[in-house]
Structures are given as C-alpha cells and as structure tokens.
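Numbering (our numbering), first residue to last: 24 to 426. We treat Cβ as the ideally placed atom computed from N, Cα and C, and that holds for glycine.
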Ligand code: CTP
C-alpha cells in the first residue's frame with residue numbers, strides 16, 4: 024500500500040574548512056547519509072585543496088561548490104541555509120570561526136551560516152597555539168553566546184609530530200552530538216555552565232595483578248557527557264576504567280581508584296555548576312596493596328584487610344558551592360524507592376537517579392529505566408529507553424534548578 028505523504032529527510036549542511044582533519048569529515052558525511060539524512064556539503068575554497076569536489080559530490084549525491092556565483096538563479100547562498108535542519112562545520116578552522124563570529128559573508132559557507140536558523144555545531148581543529156589564542160577564544164565565546172554549540176577539540180596528535188589540544192574528535196562522536204542537537208532543536212540551555220560527571224567503576228588494587236572492581240560499563244556516564252556537550256555545557260568527565268571512545272568535546276580525566284576519583288571530582292567540582300556521580304564507586308579498599316603478588320601460604324591469616332572508602336557524593340553534598348546542583352545514582356535490587364529516599368537524604372543530594380538492577384537493565388546495556396527522586400519535589404519516572412534519553416531528563420531537571 025502506498026502513502027501520499029513523503030517523509031522529508033532531515034536536511035544537514037556539512038561545512039568543511041581547510042584543516043588537515045578534512046579527511047575525517049568524509050567519515051562524518053557517510054554517517055549522516057547512511058542514517059537517512061540528506062547532506063549538502065559546503066566546503067571553503069581552501070578545503071578543496073585537501074579533498075576535492077568529486078569526493079564530496081559522490082558521497083553526498085549533490086553538486087558541490089564553495090562559491091555564491093554558481094547556479095545563481097537558485098539563490099544558493101540563501102536557500103541552503105534556510106532549508107537546513109542542522110549545520111555542522113567540521114573541521115572548523117580558526118579562520119572560519121573568526122569569519123562566522125564577525126558575520127562575514129565572502130563565500131557560500133559563511134553566507135549559509137548567516138541564513139541558517141537551525142542549530143549550528145562547530146567542531147574546531149587547529150594547532151594548540153591557534154586554539155588558545157585570545158582572538159580564537161573570543162570568537163568561540165561570541166558564537167556560543169549566540170547559541171551555537173562549539174565542541175572543544177580533543178587532545179592528541181596534531182598534524183606534525185606534535186601533540187596537544189586541537190585535534191578533531193572522532194567523527195562518530197561528533198555525529199552523536201549532532202544527532203542530539205538535531206533532536207533537541209539546538210536548545211543549548213547548559214551554555215556557560217560547567218558540569219562534572221563521574222563514570223565507570225573504580226578499582227581497588229589488591230596486588231600488582233588483582234583488584235576489587237564492579238561491572239559498570241560507563242555507558243550512562245558517557246551518555247550524560249555527550250548530551251551535556253550537545254546542550255552547550257563545558258564538561259569534565261572523570262572516567263574510571265571505561266573502554267569507550269572519548270565523548271566529543273568533554274575533558275576526560277582518567278582515574279583508577281576511589282581515592283583518585285575523589286581528588287579529581289572534588290578538584291573539578293570547585294568550579295562546577297553541577298556534579299553528577301554516575302560512577303559505581305567501591306565502598307571498600309584493601310588497607311594496603313601488596314607490592315608483590317600475594318601467594319597462598321598455608322596457615323597464614325587472610326591477607327586482605329579492607330577499609331572504608333570516602334563517600335564522594337556525601338562530601339559533595341556537604342561542601343557544595345552556593346547554587347551548585349548535586350546528582351547521585353543508585354542501583355538497587357529491592358525496596359527501590361524507600362532505599363533511594365533514605366540515600367538521597369543521607370547523602371544531601373538534590374537528585375538521585377534510582378534504577379532497579381536485573382531484568383537486563385542498567386549494567387552494560389544501551390537502555391535504562393529509572394525514577395529520579397527529587398529532594399524537594401515529586402519523583403520523576405523515566406520509562407525504559409536509550410541512556411541518552413535518561414541523561415536528557417536529568418539535564419532537564421538540573422537546568423531547571425540552575426535557572
Ligand atoms: N558514591 C560515592 N562514593 C562512594 C560510594 C558511592 O560517591 N564511596 C556515590 C555513587 O557514585 C552514586 C551514589 O553514591 O552516585 C550511590 O552509590 P551507592 O553505591 O548506591 O551508595 P552507597 O552509599 O554505597 O549505598 P549502599 O549501602 O546501598 O551500597
């Protein structure tokens with residue numbers, strides 16, 4: 024049976040400027056087209072020195088130009104921007120950020136940026152010195168103040184042998200930020216906010232080859248980081264023993280043990296508007312980790328004595344900055360609400376996201392379901408769905424409290 028209604032594919036404009044990371048934009052383009060998006064690629068003139076027009080045309084299925092003087096009868100310099108559901112510029116050079124911040128319109132990409140009323144995402148890539156220059160930072164601040172999402176560059180190998188901040192994040196991670204921005208129509212309600220998220224599970228060393236750990240995959244914490252970036256936040260992600268790619272735009276601090284996590288979280292929290300403790304934190308650690316592998320020695324007493332770890336969430340609750348929002352997570356197997364309410368009060372948090380473990384939920388799965396307990400309000404039920412959706416409900420509640 025046919026249908027009269029033709030579903031309009033989301034219209035994406037992929038702006039590409041002249042950085043060596045242009046090759047990664049080909050991958051980003053494929054991620055969009057393979058997931059049913061209609062993509063117009065708008066390269067700058069110099070970007071075409073790295074990857075030529077035939078590549079973009081073949082991968083996007085559309086003609087490609089950098090100029091406003093081609094197909095003038097179709098008024099492309101206005102139409103492409105007007106019809107966009109999302110514009111993403113990846114890589115965004117210092118030059119394109121400057122031209123966009125100042126409203127220049129010398130080529131098709133900058134014209135498109137002026138005419139677009141959709142969410143706009145910039146993924147800058149450049150050398151560290153160029154990124155850190157006050158001119159670039161001022162341009163980024165201007166673009167963010169107008170509602171654009173500017174993804175912080177990743178740290179790593181740059182064009183030459185040098186390393187530093189300025190790398191284009193993994194295309195798959197840029198893609199995920201774009202999908203979130205598209206879904207939320209670019210509402211960047213966490214712009215100007217710094218949020219700290221802990222993710223994964225801490226490990227407590229027993230000896231050089233053994234540890235006490237837990238099953239946390241880090242998926243929920245990473246979903247919180249990704250969604251916060253897509254809502255415009257500056258994100259510090261304190262990650263314990265997670266085997267996932269870095270979320271685009273987040274500053275990732277890697278830790279192993281609870282004491283390391285405590286130091287990293289408390290240091291970042293001193294500047295933060297909100298802290299979300301999604302990590303599974305070991306409650307106990309061996310009194311001392313043996314320098315050598317522990318052997319079974321007949322007749323010897325049990326070699327592992329445990330001591331209690333500090334409760335990071337409770338410390339955050341006690342030492343919070345004025346207006347700071349503190350969010351905890353709790354996985355419970357029984358009496359979920361009653362245990363959760365007691366924990367919320369005991370730890371002095373504003374929100375506690377409680378999920379029932381079992382039924383293939385929570386650990387290691389892409390889906391989650393939960394109830395958010397609110398210190399001074401009614402609980403909010405979150406039906407089973409992607410961890411990103413749960414994360415967005417948490418940010419809705421956090422954003423409302425911050426406002
Ligand atoms: N948490 C923490 N520091 C700890 C233990 C837990 O910050 N030493 C945080 C977790 O990140 C989570 C919340 O506290 O956000 C609840 O964790 P949970 O393990 O459920 O709390 P516990 O205090 O250990 O409670 P229980 O007695 O149920 O284990």
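In the DSSP assignment, residue 143 falls outside any alpha helix (DSSP H) and within the unbroken beta strand (DSSP E) covering 143-147. Taken from the Cβ of residue 281, at least one heavy atom of the ligand CTP lies inside 7 Å. Taken from the Cβ of residue 334, at least one heavy atom of the ligand CTP lies inside 7 Å. Of all C-beta pairs linking the segment 53-70 to the segment 153-173, fewer than three are shorter than 8 Å, placing the two stretches out of contact. Residue 366 has its Cβ nearer than 7 Å to a heavy atom of the ligand CTP. Here residue 191 carries a coil assignment [DSSP, helix/strand/coil]. With a cutoff of 7 Å, residue 40 does not count as near the ligand CTP, since its C-beta is closer than that to no heavy atom of the ligand. Membership of residue 100 in any beta strand (DSSP E) is not indicated; the residue belongs instead to the alpha helix (DSSP H) covering 99-105. Spanning the alpha carbons of residue 366 and residue 152 requires a straight line of approximately 46 Å. With contacts defined as CB atoms closer than 8 Å, residue 330 and residue 304 fail to qualify as a contacting pair. For the pair residue 226 and residue 256, the Cα-to-Cα distance works out to about 29 Å. Note on geometry: alpha-carbon atoms of residue 397 and residue 375 lie some 7 Å from one another. Rounded to whole angstroms, the separation of the alpha carbons of residue 417 and residue 243 is 11 Å. When only Cα atoms are considered, residue 197 and residue 86 end up about 24 Å apart.
The criterion of a C-beta distance shorter than 8 Å is not satisfied by residue 265 and residue 236.
For residue 36, the closest C-alpha among the options 155, 109 and 84 is that of 109. Counting along the chain, the unbroken alpha helix (DSSP H) around residue 289 starts and ends at 281-292. Using a cutoff of 7 Å, the CB of residue 352 counts as near the ligand CTP, since one of the ligand's heavy atoms is closer than that.
The C-beta distance from residue 254 to residue 202 rounds to 13 Å, too long to meet the 8 Å contact threshold. Inside the segment 208-254, DSSP marks whole beta strand (DSSP E) runs of 3 or more residues at positions 217-223, 227-230 and 233-235, from first to last along the chain.
By the Cβ neighbour-count rule, residue 360 is exposed, with fewer than 16 other Cβ atoms within 10 Å of its own. Under the DSSP assignment, residue 115 falls in the beta strand (DSSP E) whose first and last residues are 109-115.
Around the beta carbon of residue 67, 16 or more other beta carbons sit within 10 angstroms, so the residue counts as buried. Between residue 178 and residue 332, the alpha-carbon positions lie close to 32 Å from each other. Residue state for residue 89 is assigned as coil, using DSSP reduced to three classes. The closest CA to that of residue 78, considering only 328, 49 and 316, is found on 49. Contact annotation: residue 112 and residue 99 have beta-carbon atoms that are not nearer than 8 Å.
In this structure, the alpha-carbon of residue 206 lies about 23 Å from that of residue 260. For residue 51, the enclosing alpha helix (DSSP H) starts and ends at 45-57. Of 140, 171 and 368, the smallest CA-CA separation from residue 115 is found for 171.
One thing to note: residue 51 has its Cβ within 8 Å of the Cβ of residue 194. Boundaries of the alpha helix (DSSP H) around residue 336: 335-341. Going by DSSP, residue 77 is part of the alpha helix (DSSP H) stretching over 76-83.
In the DSSP assignment, residue 407 falls outside any alpha helix (DSSP H) and within the unbroken beta strand (DSSP E) covering 403-409. At least one heavy atom of the ligand CTP sits closer than 7 Å to the Cβ of residue 306. Not one heavy atom of the ligand CTP lies closer than 7 Å to the C-beta of residue 410.
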